[in-house]
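A.B. asks: Keeping their order, the protein sequence lines are chains A and B.
Counting in this note's numbering, the first sequence runs from 39 upward without gaps.
Counting in this note's numbering, the second sequence runs from 707 upward without gaps.
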Amino acid sequence: ETGVTQTPRHLVMGMTNKKSLKCEQHLGHNAMYWYKQSAKKPLELMFVYNFKEQTENNSVPSRFSPECPNSSHLFLHLHTLQPEDSALYLCASSQDLGSLSNQPQHFGDGTRLSIL
Amino acid sequence: GESVGLHLPTLSVQEGDNSIINCAYSNSASDYFIWYKQESGKGPQFIIDIRSNMDKRQGQRVTVLLNKTVKHLSLQIAATQPGDSAVYFCAEKVNSGYSTLTFGKGTMLLVSP
């Protein structure tokens, strides 16, 4: 149990579907992250929220839309995805951002997304 | 941009051996480093971290060594066990603003009984 819970664990969707990934953390952290993990590639940072404010959008296509209603919850809304978007999507949290905040990120177990 | 990389994609060891996983980084401004372990079907799990004002840090059966001169980071696992089989990757963070972690590709550690 990492304190970061992601649902669903697996998702299969067609290219025209709309779905959402959910992440919840019980660690009292203020920063939350979405990553994409594809085979044989390093983790790719997608979005970062710090105290509910988005601080980074790492050139992610608009078919991915994040939402952070509070510091404990993070969503990733998916719409009109492409086959190359099939990957493991990981959520993480950390105490907060900032140059003096050298704290590890804690990850959930991810959502395995398959686009048909 | 600068990146974090790993020397070996796969490391095979016998149970009971000591394992050493290496990581090279190129950004001299990085001041915080983390090792993660990722088992099949799970997310990355924090193992140990080290700040740039240290060159060695020990945990339970694990030791991280940092050589800032050659920009090299290593993870040593003592008495490797089958349960240590996983992908290990390092991450670095630059000390500036709202910087975030940059991850390496990972090394697969295979432990034979």
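Positions of the beta carbon are idealized from the N, C-alpha and C atoms, including for glycine.
Do the CB positions of D123/A and L83/A come within less than 8 Å of each other?
C.D. replies: What you label residue 123/A is simply residue 85 of the first sequence in a count that begins at 1. What you label residue 83/A is simply residue 45 of the first sequence in a count that begins at 1. No, they are not a contact pair.
A.B. asks: Can you tell me whether E122/A is helix, strand or coil according to DSSP?
C.D. replies: Numbered from its first residue, the first sequence carries residue 122/A at position 84. Three-state DSSP puts E122/A in a helix.
A.B. asks: In chain order, what are the residue ranges of uninterrupted beta strand (DSSP E) at least 3 long that sit wholly in the stretch 82-132 of chain A?
C.D. replies: For the stretch 82-132 of chain A, whole beta strand (DSSP E) runs of length 3 or above, ordered along the chain, are 82-88, 91-95, 102-108, 111-117, 125-132.
A.B. asks: Kindly list, in the order they appear in chain A, the residues whose Cβ is closer than 7 Å to that of L807/B.
C.D. replies: Translated into the one-based positions of the second sequence, residue 807/B becomes position 101. Chain A residues near L807/B: Q143.
A.B. asks: Using a Cβ-Cβ cut-off of 6 Å (strictly less than) and excluding sequence neighbours within five positions of D737/B, which residues of its own chain qualify?
C.D. replies: As a working mapping, residue 737/B is identified with position 31 in the second sequence. Same-chain partners within the cutoff: S758, N801.
A.B. asks: Is the stretch 108-117 of chain A touching the stretch 51-61 of chain A, taking contact as three or more C-beta pairs under 8 Å?
C.D. replies: A contact exists between the stretch 108-117 of chain A and the stretch 51-61 of chain A.
A.B. asks: How would you call H48/A, buried or exposed, if buried means at least 16 neighbouring beta carbons within 10 angstroms?
C.D. replies: Working through the first sequence from its first residue, we reach residue 48/A at position 10. Its Cβ having fewer than 16 others within 10 Å, H48/A is exposed.
A.B. asks: The stretch 75-100 of chain A: which residues have C-beta closer than 8 Å to a C-beta of chain B, in chain order?
C.D. replies: So the list reads K78, K79, P80, L81, L83, V86, N88, T93, E94, given in the order they occur along the chain.
A.B. asks: Name the residues in the stretch 717-732 of chain B whose C-beta lies less than 7 Å from a C-beta of chain A; which are they?
C.D. replies: Cβ contacts with chain A come from no residue of the stretch 717-732 of chain B.
A.B. asks: Please return the same chain residues whose Cβ sits closer than 6 Å to the Cβ of Q143/A, not counting the five positions on each side in sequence.
C.D. replies: The count along the first sequence starts at 1 and reaches residue 143/A at position 105. Answer for Q143/A: A130, S132, listed in chain order.
A.B. asks: Please name the residue, chosen from I727/B, K777/B, A784/B, R767/B, that lies closest to D761/B on a Cα-to-Cα basis.
C.D. replies: Residue mapping note: residue 761/B aligns to position 55 of the second sequence, counting from 1. Nearest option by C-alpha distance: K777/B.
A.B. asks: For H67/A, does the count of other Cβ atoms within 10 angstroms reach 16, so buried, or fall short, so exposed?
C.D. replies: Counting from one through the first sequence, the residue named residue 67/A turns up at place 29. So H67/A ends up on the buried side.
A.B. asks: Determine the chain A residues that contact R757/B at a beta-carbon separation under 9 Å, and present them in chain order.
C.D. replies: Residue numbering aside, residue 757/B sits at position 51 when the second sequence is read from its first letter. Ordered by position in chain A, the residues that pass the 9 Å Cβ test against R757/B are N140.
A.B. asks: For L128/A, which residues in chain B fall below 9 Å Cβ to Cβ?
C.D. replies: Position 90 of the first sequence, counted from the first residue, corresponds to residue 128/A. Neighbours of L128/A on chain B, chain order: G749, P750.
A.B. asks: For a contact meaning CB atoms closer than 8 Å, what does Y794/B contact in chain A?
C.D. replies: In the second sequence, counting from the first residue as 1, residue 794/B sits at position 88. None at all; the shortest Cβ gap to chain A is about 13 Å.
A.B. asks: Answer yes or no: does any C-beta atom of chain B fall closer than 8 Å to that of T40/A?
C.D. replies: Counting from one through the first sequence, the residue named residue 40/A turns up at place 2. It does; some Cβ of chain B falls within 8 Å.
A.B. asks: Would you list the residues sitting across from R47/A in a DSSP beta bridge?
C.D. replies: What you label residue 47/A is simply residue 9 of the first sequence in a count that begins at 1. Bridge partners of R47/A: none, in fact.
A.B. asks: Against chain A, with Cβ distances strictly below 8 Å, would G765/B count as a contact?
C.D. replies: Within the second sequence, residue 765/B is the residue found at index 59, counting from 1. False, the Cβ-Cβ gap to chain A never drops below 8 Å.
A.B. asks: I need the DSSP call for D755/B, collapsed to helix, strand or coil.
C.D. replies: Your numbering for residue 755/B matches position 49 in the second sequence. Looking at D755/B - three-state DSSP - the assignment turns out to be strand.
A.B. asks: Between the Cα of T806/B and the Cα atoms of P46/A, M70/A, M53/A, which residue gives the shortest distance?
C.D. replies: Along the second sequence, read from residue 1 onward, the residue named residue 806/B stands at position 100. When each option's Cα is compared against that of T806/B, the closest is M70/A.
A.B. asks: If you draw a straight line from the C-alpha of T43/A to the C-alpha of K748/B, how long is it?
C.D. replies: Translated into positions along the first sequence, residue 43/A becomes position 5. Translated into positions along the second sequence, residue 748/B becomes position 42. About 11 Å.
A.B. asks: Shorter than 8 Å from the beta carbon of G66/A to some beta carbon of chain B?
C.D. replies: As a first step, residue 66/A is located in the first sequence; it is residue number 28 there, counting from the start. Taking Cβ atoms only, chain B never reaches closer than 8 Å to G66/A, which makes this a no.
A.B. asks: Counting along the chain, where does the beta strand (DSSP E) carrying D737/B start and finish?
C.D. replies: Indexing the second sequence from 1 puts residue 737/B at position 31. First-last of the beta strand (DSSP E) with D737/B: 736-744.
A.B. asks: Closest to P121/A by CA distance: which of R101/A, N108/A, L128/A is it?
C.D. replies: Taking the first sequence and counting its residues from 1, the one referred to as residue 121/A is at position 83. Residue R101/A is the option with its Cα nearest to P121/A.
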